[in-house]
Amino acid sequence: MITSIIALSALGQTINIMTLGGLALAVGILVEDATVAIENNSHQLEQGKTLEQAILDGAHQIAIPTLVSTRAICIVFVPMFLLTGVAHYLFIPLAEAVVFAMLASYFFSRTLVPTLASRCCCCRLSAATFSPPSMPARSRCTCARKPACASRKPRC
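Here the working numbering is used: the first residue of the sequence shown is 116, the next is one more, and so on.
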(Lines of atoms letter the chains of each structure in order from A and count residues from 1; the text may use other names and numbers.)
(Lines give C-alpha, C1' and ligand atoms only; values in the text may rest on other atoms or scores of the structure.)
Protein backbone atom coordinates (compact mmCIF):
# COMPACT_ATOMS: atom_id res chain seq x y z
CA MET A 1 0.00 0.00 0.00
CA ILE A 2 2.73 2.45 0.93
CA THR A 3 4.57 1.66 -2.29
CA SER A 4 1.41 2.44 -4.24
CA ILE A 5 0.96 5.75 -2.47
CA ILE A 6 4.58 6.68 -3.19
CA ALA A 7 4.13 5.79 -6.87
CA LEU A 8 0.90 7.78 -7.05
CA SER A 9 2.61 10.74 -5.42
CA ALA A 10 5.45 10.53 -7.95
CA LEU A 11 2.88 10.81 -10.74
CA GLY A 12 1.24 13.83 -9.13
CA GLN A 13 -1.85 12.07 -7.79
CA THR A 14 -3.24 12.85 -4.37
CA ILE A 15 -4.94 10.63 -1.85
CA ASN A 16 -8.61 11.09 -2.62
CA ILE A 17 -11.74 8.97 -2.76
CA MET A 18 -10.82 7.42 -6.10
CA THR A 19 -7.27 6.45 -5.12
CA LEU A 20 -8.52 5.06 -1.82
CA GLY A 21 -11.21 3.18 -3.73
CA GLY A 22 -8.54 1.69 -5.98
CA LEU A 23 -6.50 0.62 -2.99
CA ALA A 24 -9.62 -0.87 -1.41
CA LEU A 25 -10.25 -2.86 -4.60
CA ALA A 26 -6.73 -4.26 -4.47
CA VAL A 27 -6.39 -4.97 -0.74
CA GLY A 28 -7.76 -8.51 -0.90
CA ILE A 29 -5.46 -9.48 -3.71
CA LEU A 30 -2.50 -7.87 -1.96
CA VAL A 31 -2.95 -10.19 0.99
CA GLU A 32 -3.60 -13.15 -1.29
CA ASP A 33 -0.21 -12.93 -3.03
CA ALA A 34 1.70 -13.21 0.24
CA THR A 35 -0.67 -15.87 1.57
CA VAL A 36 -0.21 -18.05 -1.51
CA ALA A 37 3.58 -17.80 -1.17
CA ILE A 38 3.51 -18.69 2.53
CA GLU A 39 1.04 -21.55 2.07
CA ASN A 40 3.09 -23.03 -0.74
CA ASN A 41 6.24 -22.83 1.40
CA SER A 42 4.36 -24.59 4.18
CA HIS A 43 3.18 -27.29 1.78
CA GLN A 44 6.75 -27.87 0.63
CA LEU A 45 7.91 -28.14 4.25
CA GLU A 46 5.22 -30.73 4.95
CA GLN A 47 6.67 -32.83 2.14
CA GLY A 48 9.87 -33.10 4.18
CA LYS A 49 12.07 -30.64 2.32
CA THR A 50 14.58 -28.42 4.08
CA LEU A 51 13.54 -24.83 4.70
CA GLU A 52 15.77 -23.41 1.98
CA GLN A 53 14.69 -25.99 -0.61
CA ALA A 54 11.03 -25.56 0.34
CA ILE A 55 11.26 -21.80 -0.17
CA LEU A 56 13.01 -22.19 -3.53
CA ASP A 57 10.60 -24.85 -4.79
CA GLY A 58 7.58 -22.99 -3.46
CA ALA A 59 8.63 -19.74 -5.09
CA HIS A 60 9.38 -21.50 -8.37
CA GLN A 61 5.98 -23.22 -8.46
CA ILE A 62 3.93 -20.06 -8.03
CA ALA A 63 6.02 -17.64 -10.09
CA ILE A 64 4.13 -17.95 -13.39
CA PRO A 65 0.58 -18.39 -11.99
CA THR A 66 0.86 -15.31 -9.77
CA LEU A 67 2.40 -13.31 -12.62
CA VAL A 68 -0.46 -14.29 -14.92
CA SER A 69 -3.11 -13.40 -12.33
CA THR A 70 -1.42 -10.06 -11.58
CA ARG A 71 -1.18 -9.21 -15.27
CA ALA A 72 -4.81 -10.22 -15.86
CA ILE A 73 -6.02 -7.86 -13.15
CA CYS A 74 -3.80 -5.04 -14.42
CA ILE A 75 -5.00 -5.54 -18.01
CA VAL A 76 -8.58 -4.98 -16.90
CA PHE A 77 -7.68 -1.40 -15.99
CA VAL A 78 -5.81 -0.55 -19.22
CA PRO A 79 -8.93 0.80 -21.02
CA MET A 80 -9.33 3.39 -18.27
CA PHE A 81 -6.11 5.03 -19.45
CA LEU A 82 -7.80 5.74 -22.78
CA LEU A 83 -10.64 7.76 -21.24
CA THR A 84 -10.92 11.47 -21.97
CA GLY A 85 -12.66 14.39 -20.34
CA VAL A 86 -14.05 14.26 -16.83
CA ALA A 87 -14.01 10.45 -16.79
CA HIS A 88 -10.25 10.61 -17.31
CA TYR A 89 -9.77 12.68 -14.16
CA LEU A 90 -12.13 10.48 -12.17
CA PHE A 91 -10.96 6.99 -13.09
CA ILE A 92 -7.24 7.32 -13.88
CA PRO A 93 -6.32 7.65 -10.16
CA LEU A 94 -8.35 4.52 -9.39
CA ALA A 95 -6.69 2.53 -12.18
CA GLU A 96 -3.21 3.74 -11.21
CA ALA A 97 -3.80 2.83 -7.57
CA VAL A 98 -4.90 -0.70 -8.43
CA VAL A 99 -2.10 -1.30 -10.94
CA PHE A 100 0.64 0.03 -8.66
CA ALA A 101 -0.71 -1.94 -5.71
CA MET A 102 -0.81 -5.14 -7.76
CA LEU A 103 2.71 -4.69 -9.12
CA ALA A 104 4.08 -3.92 -5.67
CA SER A 105 2.27 -6.92 -4.22
CA TYR A 106 3.75 -9.22 -6.85
CA PHE A 107 7.23 -7.78 -6.34
CA PHE A 108 7.13 -8.16 -2.57
CA SER A 109 5.58 -11.63 -2.67
CA ARG A 110 8.47 -12.74 -4.90
CA THR A 111 11.25 -11.02 -2.93
CA LEU A 112 10.33 -10.00 0.61
CA VAL A 113 8.12 -12.94 1.60
CA PRO A 114 10.70 -15.66 0.76
CA THR A 115 13.45 -13.63 2.44
CA LEU A 116 11.42 -13.21 5.61
CA ALA A 117 10.45 -16.88 5.52
CA SER A 118 14.10 -17.91 5.43
CA ARG A 119 15.02 -15.54 8.26
CA CYS A 120 12.03 -15.82 10.57
CA CYS A 121 10.92 -19.42 10.19
CA CYS A 122 14.08 -21.20 11.18
CA CYS A 123 12.02 -23.49 13.39
CA ARG A 124 8.42 -24.37 12.76
CA LEU A 125 5.78 -25.72 15.03
CA SER A 126 4.59 -29.25 14.59
CA ALA A 127 1.01 -30.37 14.15
CA ALA A 128 0.72 -30.66 17.94
CA THR A 129 0.42 -26.87 18.00
CA PHE A 130 -3.10 -27.13 16.68
CA SER A 131 -4.19 -29.66 19.27
CA PRO A 132 -6.42 -28.84 22.24
CA PRO A 133 -4.95 -26.44 24.83
CA SER A 134 -4.40 -29.23 27.36
CA MET A 135 -1.69 -30.75 25.15
CA PRO A 136 1.65 -28.90 25.02
CA ALA A 137 2.99 -27.73 21.68
CA ARG A 138 6.30 -29.11 20.47
CA SER A 139 8.67 -27.48 18.06
CA ARG A 140 10.73 -29.22 15.47
CA CYS A 141 13.71 -27.56 13.81
CA THR A 142 13.79 -28.09 10.05
CA CYS A 143 16.80 -26.11 8.97
CA ALA A 144 20.54 -26.61 8.66
CA ARG A 145 21.21 -24.11 11.46
CA LYS A 146 19.89 -26.50 14.11
CA PRO A 147 22.26 -25.43 16.96
CA ALA A 148 21.32 -21.79 16.46
CA CYS A 149 17.63 -22.66 16.26
CA ALA A 150 17.61 -24.85 19.33
CA SER A 151 18.45 -21.92 21.59
CA ARG A 152 15.67 -19.73 20.19
CA LYS A 153 11.93 -19.92 20.59
CA PRO A 154 10.06 -20.72 17.36
CA ARG A 155 8.75 -17.59 15.69
CA CYS A 156 6.52 -19.19 13.09
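Positions of the beta carbon are idealized from the N, C-alpha and C atoms, including for glycine.
Can you tell me the Cα-Cα spacing of Val-214 and Ala-122, whole angstroms?
10 angstroms
Is Met-116 helix, strand or coil when you go by DSSP?
coil
If we call anything under 7 angstroms between Cβ atoms a contact, is Ala-216 one with Leu-145?
yes
Thr-134 versus Ala-202 - alpha carbon distance
14 angstroms
Does the Cβ-Cβ distance between Ala-210 and Phe-192 come in under 7 angstroms?
yes
Quick check on this structure: which residue in Thr-226, Ser-184, Val-183 and Gly-137 has the alpha carbon closest to the alpha carbon of Ala-174?
Thr-226
Counting along the chain, where does the alpha helix (DSSP H) carrying Phe-223 start and finish?
200-235
What do you reckon, are the CB atoms on Asp-148 and Ser-220 nearer than 7 angstroms?
yes
Grab me the residues of Pro-208's own chain with a C-beta within less than 6 angstroms of its C-beta, minus the 5 sequence neighbours each way, in chain order.
Gln-128, Met-133 and Thr-134
May I have the straight-line CA-CA distance separating Asn-131 from Phe-196, to the nearest angstrom?
18 angstroms
Does the distance from the CB of Leu-198 to the CB of Phe-206 come in under 7 angstroms?
yes
Local Cβ density within 10 Å of Pro-229, reported as buried at 16 or more and exposed below that:
buried
Verify whether the separation of the beta carbon atoms of Ser-224 and Ala-152 is less than 7 angstroms.
yes
Determine the contact status of Asn-156 and Ile-170, defining contact as a CB-CB distance below 7 angstroms.
yes
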